[in-house]
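Report on the structure given below.
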Amino acid sequence: MEFDNEDHYAKLLRAQTHIFDQTFGFINSMSLKCAIDLCIPDVIHKYGQPMPLSQLIASLPIHPSKACFIFRLMQILTHSGFFSQHNNATENYEQEEVSYVLTDASKLLLKDHHFSMISLPQVILDPILVNPWFQFSTWFTNEDPTPFHTQNGMAFWDYASSEPKLNHLFNDAMTNDSRLISSVLIEKCKGVFSGLESLVDVGGGTGTMAKAIAKSFPQLKCIVFDLPHVVDGLQGTENVEYVHGDMFEAIPSADSIMLKTIMHNWNDEECLKILKRCKEAIANKDKGKVIIIDVVIGNEKGDSELDQTKLFYDIEMMVLVTGKERNEKDWAKLFLSAGFNSYKITPVLGFKSLIEVYP
Ligand SMILES: C[S@@+](CC[C@H](N)C(=O)[O-])C[C@H]1O[C@@H](n2cnc3c(N)ncnc32)[C@H](O)[C@@H]1O
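To convert, count from 1 in the sequence shown and add 138; that's the numbering used here.
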């Protein structure tokens with residue numbers, strides 16, 4: 139009986155801990171944001187060797203009264219995988235001061251890293267993107283298309299076109315992502331571009347993806363197609379041209395149409411329209427294709443971080459825009475409905491996949 143009771147309370151206490159743990163989830167995000175705002179990754183990197191806590195404190199732009207709190211910030215960020223600790227014992231076995239080194243994740247938060255991802259947490263954790271979360275449950279009771287709409291009275295893309303701060307933060311985050319994804323794609327999936335003479339990157343942002351592809355495949359003429367507030371005034375290269383327009387109306391003609399993290403921004407009805415415009419735009423139906431880079435839910439069973447990232451992304455799409463993440467069945471249904479013949483999914487881009495769709 140005693141054992142039963144113990145078991146009962148152990149279960150209750152585990153459940154209570156789970157509630158605390160999940161409620162406190164935002165603390166990981168906000169501690170990360172704080173570390174980025176204080177430039178902690180760059181400060182440790184600049185030091186060039188494991189950085190003692192006292193040196194770190196002395197190098198940060200903080201008020202002296204806050205020095206004693208840095209250890210605790212570093213403790214949670216060490217736990218969440220952004221720093222690792224070096225504890226060197228001294229000769230007389232006394233504990234030496236703790237020192238910190240970067241992990242693979244915090245190296246990607248260095249401002250000058252070629253594949254820096256620093257703009258992603260900066261935009262996702264900006265109040266413009268966080269405030270709509272306070273409307274999440276209200277949105278379930280009203281007719282607004284998104285919680286973002288409930289918060290701001292307009293769609294995300296309209297807000298981005300009228301608010302330069304959001305436009306720049308968002309474009310920088312997309313540029314960060316595209317630098318890494320384009321490198322992996324070009325290195326691991328060269329064949330995707332073989333035989334193609336032209337490519338339109340629809341919703342291609344400021345052109346990072348198209349420029350990387352055009353550099354590696356000089357025979358390819360690339361167009362970066364996006365809304366006027368994103369591409370107007372940008373300088374092309376010999377084989378990269380910027381064109382503004384609305385993908386729901388018409389897409390410039392080419393052999394191949396790229397849609398990188400576009401479809402997950404839109405609902406099925408909207409995606410169907412985009413895919414139909416893509417099919418119309420494919421000049422040569424024999425060798426042409428749509429190249430999609432997006433999430434496929436459930437195609438990497440067993441990796442809980444990948445699965446969680448995809449589910450987080452799905453809800454982020456629900457809160458900010460009208461989109462969603464899709465499983466293979468959802469994708470297949472969309473392609474078939476838009477009149478495409480076949481598709482091939484290659485899951486080589488981390489939590490995203492390459493999907494080639496043939497007319
Ligand atoms: C999530 S971002 C993806 C940017 C880029 N493809 C990347 O992955 O880095 C979506 C892009 O779609 C563009 N966009 C939104 N509505 C559009 C429309 N109606 N026509 C063309 N582009 C649009 C946005 O301006 C934005 O650059």
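Here a beta-carbon is modelled for each residue, glycine too, at the ideal position from N, C-alpha and C. Values in this document were obtained by computation on a predicted structure and should not be read as measured data.
Near ligand 1: residue i beta-carbon under 7 Å from a heavy atom
| i | result |
| --- | --- |
| Lys471 | no |
| Thr399 | yes |
| Asp175 | no |
| Met456 | no |
| Met312 | yes |
| Leu151 | no |
| Ser384 | Correcting the residue type first, residue 384 is Asp in the shown sequence and not Ser. Yes, Cβ of Asp384 sits closer than 7 Å to a heavy atom of ligand 1. |
| Asp370 | no |
| Leu323 | no |
| Leu544 | Past the edges of the chain, shown from 139 to 497, lies residue 544, and the structure says nothing about it. |
| Gly461 | no |
| Met292 | no |
| Met255 | no |
| Asp264 | no |
| Gly329 | no |
| Asp315 | yes |
| Asn405 | no |
| Trp295 | yes |
| Gly343 | yes |
| Met189 | no |
| Met347 | yes |
Beta-carbon gap between residue i and residue j smaller than 8 Å
| i | j | result |
| --- | --- | --- |
| Asp339 | Lys398 | yes |
| Val330 | Val486 | no |
| Ala350 | Pro390 | no |
| His402 | Glu443 | no |
| Ile174 | Ile256 | yes |
| Gly345 | Val378 | yes |
| Glu335 | Leu307 | no |
| Leu365 | Ser300 | no |
| Tyr451 | Val434 | no |
| Ala348 | Lys414 | no |
| Thr460 | Phe489 | no |
| Leu176 | Leu198 | yes |
| Val457 | Pro270 | yes |
| Leu246 | His183 | no |
| Phe220 | Ala243 | yes |
| Ala421 | Asp393 | yes |
| Ser222 | Val236 | no |
| Ser436 | Asn465 | It is Gly, not Ser, that sits at residue 436 in the sequence shown. Closer than 8 Å, so yes. |
| Trp295 | Thr288 | no |
| Gly333 | Ile400 | no |
| Gly343 | Ser320 | no |
| Leu258 | Asn314 | yes |
| Ile493 | Ile430 | yes |
| Ile395 | Cys416 | yes |
| Asn290 | His367 | no |
Secondary structure of residue i, DSSP reduced to three states
| i | result |
| --- | --- |
| Pro485 | strand |
| Ala337 | Position check: residue 337 holds Leu in this sequence, whereas Ala was assumed. In this structure, Leu337 counts as strand in the three-state DSSP scheme. |
| Lys398 | strand |
| Met347 | helix |
| Gln223 | strand |
| Met255 | coil |
| Leu263 | coil |
| Thr375 | strand |
| Met456 | helix |
| Leu413 | helix |
| Ala173 | helix |
| Gln289 | helix |
| Glu301 | coil |
| Pro283 | coil |
| Asn403 | helix |
| Leu246 | coil |
| Asp441 | coil |
Any non-hydrogen atom of ligand 3 within 7 Å of residue i CB
| i | result |
| --- | --- |
| Val428 | Ligands present in the displayed structure are limited to ligand 1, and ligand 3 is not among them. |
Bridge-paired residues (DSSP) for residue i
| i | result |
| --- | --- |
| Ala494 | Here the sequence assigns Glu to residue 494, which means Ala is not the residue at that position. Looking at the DSSP assignment, Glu494 forms a beta bridge with Ile429 and Lys482. |
| Ile389 | DSSP lists no partner for Ile389. |
| Val362 | Asp339 and Tyr380 |
| Asn465 | Ile435 |
| Pro199 | Its beta-bridge partners do not exist; DSSP assigns none. |
| Tyr238 | Met189 and Gln223 |
| Ile420 | Ala392 |
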